[in-house]
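Undergrad: Input: one structure, supplied below.
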Amino acid sequence: MSKKTITLEPDAYHELTLFGRDHLLAAALLNRRSENVPAASTVTDTVGRITGDDSPTDNTTRAALHRLEEGGLIERVDGQPVGNARGVRVTEQGYHVLARGAARLNVVAFD
4 MSKKTITLEP DAYHELTLFG RDHLLAAALL NRRSENVPAA STVTDTVGRI TGDDSPTDNT
64 TRAALHRLEE GGLIERVDGQ PVGNARGVRV TEQGYHVLAR GAARLNVVAF D
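Going by our numbering, the letters in the sequence shown line up with residues 4 to 114, in that order.
Written out as structure tokens, the structure reads:
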């Protein structure tokens, strides 16, 4: 069995902050589970479940989502899921960044 190699240069996933990675993963999980666009508060709750943190703050979520949106990894959707909420939708680029990060981790974990 030949060993796969990975390059040791930074990639877009690992260049994200820890909070950015957690929030991108949470938003992607929520987007995949439902046709509805989740609200930022739902993303915050999901980050808490992923990380075991009982109290992720709205300010942390707001900052992380802002950076992800600036990077083109998510888009905010006005009026989703309801009323004056601003939903979170992962973009194709965001899914690509997640996939690339996962592929690198899989090489190390399983080869």
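Virtual Cβ for every residue (Gly too), placed ideally from N, Cα, C. Quick caveat: nothing in here was measured; it's all calculated off a predicted structure.
Report the three-state DSSP secondary structure of G90 (helix, strand or coil).
TA: Strand.
Undergrad: Checking 7 Å against the spacing of the C-beta atoms, do V50 and D25 come in under that value?
TA: Result yes, Cβ atoms of V50 and D25 sit closer than 7 Å.
Undergrad: Roughly how many whole angstroms lie between the Cα atoms of E72 and F113?
TA: Looking at the two C-alpha atoms, the distance is approximately 32 Å.
Undergrad: DSSP puts I77 in a beta bridge; with which residues?
TA: Answer is V93, bridged to I77.
Undergrad: Could you give the distance in angstroms between the alpha-carbon of N87 and the alpha-carbon of V40?
TA: Cα-Cα distance, rounded: 13 Å.
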